[in-house]
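Each residue of the sequence shown is one higher than the last, beginning at 339 in my numbering.
Think of the CB as a built atom: it goes at the ideal place given N, C-alpha and C, for glycine as much as any other residue.
What you are looking at is a predicted structure, and each value in this text was computed from that prediction instead of being measured.
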Amino acid sequence: MINEWWKKSVVYQIYPISFNDTTGNGKGDIPGIIEKLDYLKKLGIDVVWLSPVYDSPQADNGYDIRDYRNIYKDYGTMEDIERLLDELHSRNMKLVMDLVVNHTSDEHHWFIESRSSKDSPYRDYYIWKDGNENGEPPTNWGSIFSGSAWEFDEKTGQYYLHLFAKKQPDLNWENPKLREDIYDMMTYWLDKGIDGFRMDVINFISKDQEFKDGEVKEGVQYGDPGPFFVNGPRIHEFLQEMNKEVISKYDVMTVGEMPGASPADALEYTNPANNELDMIFTFEHMGLDEHEGDKWNLKPLNLVDLKENFEKWQTSLHGVGWNSLYWNNHDQPRIVSRFGNDEESRVKSAKMLATCLHMMQGTPFIYQGEEIGMMNIHFDNLEDYRDIETLNMYKEKSELGWSHEKIMEAIYAKGRDNARTPMQWNNTACAGFTTGTPWLQVNSNYERINAETSLADENSIFYYYQRLIQLRKDFDIITTGEFELLMRNDSNVFAYQRKGERESLTVLCNFSAQEVELDQKVVESIKEASVLITNEDKNHSRGTLLPYEGTVFRIS
Ligand code: TEU
C-alpha cells in the first residue's frame with residue numbers, strides 16, 4: 339500500500355505569466371488557467387503547482403511578493419483563485435502554491451516599515467547591518483543576481499541583505515515574530531483548501547549570524563556567501579517548527595527548492611521521522627553542464643556523470659526519504675534543447691528523455707510546454723530578453739571583460755527566458771497565447787510546435803507523456819522498485835533496472851544520435867521480457883538501441 343497520495347502523483351507546473359491570457363494584456367491569468375484544466379486532466383495530471391500569483395511589483399515575475407494575501411491584479415482576483423481551486427478539486431486534481439519566504443518585495447509593508455526607522459517594530463523582520471570600517475558593505479558577499487548582496491539605505495544609514503535582486507530583501511528568520519506571521523499566512527492559504535506548498539529556496543532561510551566574508555573565487559568579483567546560508571545552522575529547527583505549527587495539521591504535500599542540497603541533506607529533510615518536508619528539488623543534475631558553481635560557464639554534459647548522479651539520489655533516498663523528478667522548470671533551459679536534440683530528432687529525443695525520468699522513483703514534475711517538446715529561444719537582441727538574472731548578468735560579465743558573443747552563447751544555453759516564452763497552444767498569431775502583445779516574444783516555431791497539433795497526432799510527445807503517466811498509475815513498481823544502474827561506463831546509454839519482489843523493469847535510453855550496442859548481460863536479461871513502452875517504431879534486434887531510442891522492458 340502506498341499511503342502518501344503525492345508518491346503516486348504527477349505534478350504540472352504553471353508559470354502564470356506565460357500560460358494563457360484571456361484579457362489581451364499580453365500576460366497569462368487565472369481564468370486562462372481554468373480554461374485549460376481539461377487539457378491537463380487529459381494529460382493525466384494529479385497536481386498543479388502554480389508559480390507565484392500574489393500581489394507583486396514583478397521585479398522577478400512574482401518571486402518578489404508585496405502582499406501574500408492578495409492576487410496580482412493582472413492575474414485576476416481572490417475569487418478567481420478560489421474558483422481555480424474548486425475547478426481543480428471537482429476534477430479530482432490538487433493545487434500546490436508557491437511559498438516565497440526567504441525574501442519579500444521591498445514594497446511589502448513589512449519592509450516599508452522596516453526601512454523607515456531603526457526603532458520600527460518591523461526593523462528585525464529583515465537583515466540590517468552597519469557598513470565595515472571603510473563604510474563599505476558589511477561583507478564581500480555577491481548576490482545571486484549579480485552585484486553586491488548588500489544595499490545601502492540612506493534613511494537609516496545601514497545596509498540590508500538581498501541574496502537575489504535589490505527589490506528582494508531577505509527576511510530575518512531569527513525573529514520569532516516574523517516566523518509566526520509567516521505561519522499565519524500559510525494557515526490562511528491552507529484553510530482555503532490548497533493542497534500544499536512548493537517552497538522557494540527554503541534551505542536559504544537560516545543565515546550564519548557571524549556575517550563573515552566569503553571566499554573570492556577566480557574570475558569573480560565578490561565573495562561566495564553560500565557557506566553562510568545554504569543549509570544554514572538553524573534550518574532543520576525552522577522547518578520542524580513550521581511543520582509542527584502548520585503543515586502537520588493538514589493532509590498536504592511539501593516540496594522544498596534546495597540549491598546546494600546533497601543526497602545526505604535530502605535524507606534529513608525528507609525522512610518522515612524528522613517532520614520537515616516530503617521532498618526537495620535537487621540542483622545537482624542541473625549543474626553538470628557548467629563549471630563549478632557558475633551556471634554561465636558552460637561545459638558539455640558527460641552522460642556518465644548524469645547517470646551516477648541520478649544513481650546516488652535514487653539509491654540514497656530509497657526506503658527512507660523521497661525524490662522529486664524534474665528536467666524542467668521556469669529557471670532552467672528546455673530539456674530537449676539541453677540534453678536532447680531539438681533539430682531532426684526533437685520528438686524522438688523528447689520522448690526518450692521523458693522515459694528516462696518517468697521510470698524512476700519519485701514524484702515527477704512536468705513544466706508547461708515540456709509535454710509538447712517546446713524548445714529554447716534565441717533572440718538576436720539582448721533587448722528582447724526580460725529576465726532580471728539574465729540582464730544583470732550581462733552587465734556584470736561585460737564589466738569583467740567577457741565578449742558580447744560569449745555572453746549571448748551563455749544566455750542561449752542557460753538563460754531563464756528559454757523556459758518562459760509563452761505556451762504554444764495553436765498556430766494562430768502569438769500561438770493562441772494572447773490576442774495582444776505578449777510580455778515576452780513567442781518562439782517563432784509555434785506554427786509547427788503547439789498543443790493543438792500535438793493533440794491531433796497520436797504519435798505526439800503529448801500522448802507519450804500521457805502513457806508514461808498512466809503507467810505510473812498502473813504499475814506500482816515504478817513508485818516502489820529498487821534502482822540499479824546498468825552499463826555504468828557507457829557514455830551514450832542510460833540504462834537502469836527497477837526491481838520489485840515479483841517483477842522488474844529494464845529502462846534503456848540512448849542519449850546519442852548513433853545506433854549503440856547493448857551489453858551482453860542486458861541483452862540476456864530482456865530476452866523474455868515484454869515491451870512496456872517505447873518511442874521506437876522500427877523493428878530491430880534487441881541487441882542494440884537506435885538513435886535516441888527509449889524502451890522499457892517488463893519482466894514478470
Ligand atoms: O530560484 C532559486 C535559484 O537559486 C535559482 O534557480 C535561480 O533561479 C537562478 O537560476 C540561479 O542562477 C528561485 C526561483 O525558482 C526563481 O525563479 C527566483 O528568481 C528565485 O528563487 C528568487 O525567488
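Residue(s) in a DSSP beta bridge with residue i
i: L663; result: P702
i: V831; result: N848
i: M435; result: L388, F535
i: K837; result: E820, S842
i: G561; result: W479
i: Y464; result: L509
i: T889; result: L846, T872
i: I409; result: Y392
i: E855; result: T882
i: H441; result: D508
i: E553; result: D562
Nearest neighbour of residue i, chosen from the options [CA to CA]
i: N358; options: Y410, L639, N472, C768; result: C768
i: L663; options: Q652, E747, E606; result: Q652
i: I520; options: V438, S484, D722; result: V438
i: Q852; options: D828, D424, N430, L884; result: L884
i: N781; options: M746, D718, M731; result: D718
i: D627; options: V642, E737, F619, M580; result: V642
i: R840; options: S894, C847, D814, K379; result: S894
i: A531; options: K432, F542, H629, D457; result: At residue 531 the sequence reads Gly, which differs from the Ala that was named. Considering only alpha carbons, the answer is K432.
i: K555; options: G480, F502, K582; result: G480
i: G485; options: L729, N470, S347, S863; result: L729
i: F821; options: F849, K811, G700; result: G700
i: L378; options: A789, R826, A692; result: A789
i: K587; options: Y526, S347, A604; result: Y526
i: N581; options: S600, D603, N613, V590; result: N613
i: L644; options: L501, I673, D814, F832; result: F832
i: K380; options: W740, D814, R805, E887; result: R805
i: N510; options: D603, M825, S452, D424; result: S452
i: D508; options: N541, D412, S879; result: N541
i: V658; options: T773, Y607, G594, E721; result: Y607
i: F449; options: F567, L499, E681, P476; result: L499
i: L695; options: M524, N666, N797, S454; result: N666
i: V348; options: A692, P514, L423, T415; result: A692
i: K365; options: M761, D603, M523; result: M761
i: I573; options: Q559, M591, A604; result: A604
i: W678; options: K650, N640, W660, N661; result: Before going on, a small fix: residue 678 reads as Gly here, not Trp. Minimum Cα distance to G678 is reached at N640.
i: R810; options: G382, F800, G370, G495; result: G382
i: G370; options: I419, G469, A751; result: I419
i: G819; options: M825, G838, Y801; result: G838
i: Q559; options: F771, F567, N478, D875; result: N478
i: K689; options: E709, F703, D546, R676; result: E709
i: K545; options: F566, D529, F490; result: F566
i: R676; options: D384, P702, G711; result: G711
i: G495; options: D755, G594, S455, D522; result: S455
i: G753; options: K633, V584, Q578, H446; result: K633
i: V674; options: A751, L422, V584; result: A751
i: I799; options: P514, S683, D828; result: S683
For residue j and residue i, believed in contact at Cβ under 8 angstroms, the rounded distance
i: N399; j: I465; result: The Cβ separation is near 24 angstroms, so there is no contact.
i: P395; j: R407; result: Not confirmed; about 16 angstroms, so no contact.
i: I816; j: R836; result: 7 angstroms
i: R758; j: H668; result: 6 angstroms
i: I745; j: F483; result: About 15 angstroms separates the two Cβ atoms, so there is no contact after all.
i: A487; j: P563; result: 6 angstroms
i: N714; j: P671; result: 5 angstroms
i: K458; j: Q506; result: It is Ser, not Lys, that sits at residue 458 in the sequence shown. Not a contact, Cβ separation roughly 19 angstroms.
i: M698; j: F648; result: 7 angstroms
i: L655; j: P601; result: 7 angstroms
i: N873; j: F849; result: With a Cβ gap of about 13 angstroms, N873 and F849 do not count as contacting.
i: G561; j: E553; result: 6 angstroms
i: Q706; j: I352; result: 6 angstroms
i: A503; j: A611; result: Contact flag wrong, Cβ pair sits at about 37 angstroms.
i: T889; j: L856; result: With a Cβ gap of about 10 angstroms, T889 and L856 do not count as contacting.
i: V685; j: F535; result: That pair is no contact at about 35 angstroms.
i: P476; j: D468; result: 7 angstroms
Go through the stretch 723 to 787 residue by residue and report every complete run of the alpha helix (DSSP H) that reaches 4 residues or more, in order.
As far as the stretch 723 to 787 is concerned, its whole alpha helix (DSSP H) runs of at least 4 residues are 726 to 737, 742 to 752, 755 to 758.
Residue ranges of each beta strand (DSSP E) within the stretch 476 to 545, 3 or longer
The beta strand (DSSP E) runs lying completely inside the stretch 476 to 545 and spanning 3 residues or more are 488 to 491, 496 to 499, 534 to 537, given in chain order.
4-residue-minimum alpha helix (DSSP H) runs that sit fully inside the stretch 591 to 666, ordered along the chain:
The stretch 591 to 666 contains these whole alpha helix (DSSP H) runs: 601 to 608, 641 to 655.
Unbroken stretches of the alpha helix (DSSP H), 4 residues or longer, contained in the stretch 340 to 395
Assignment of alpha helix (DSSP H) within the stretch 340 to 395, counting only whole runs of 4 or more residues, yields 368 to 373, 375 to 381 in chain order.
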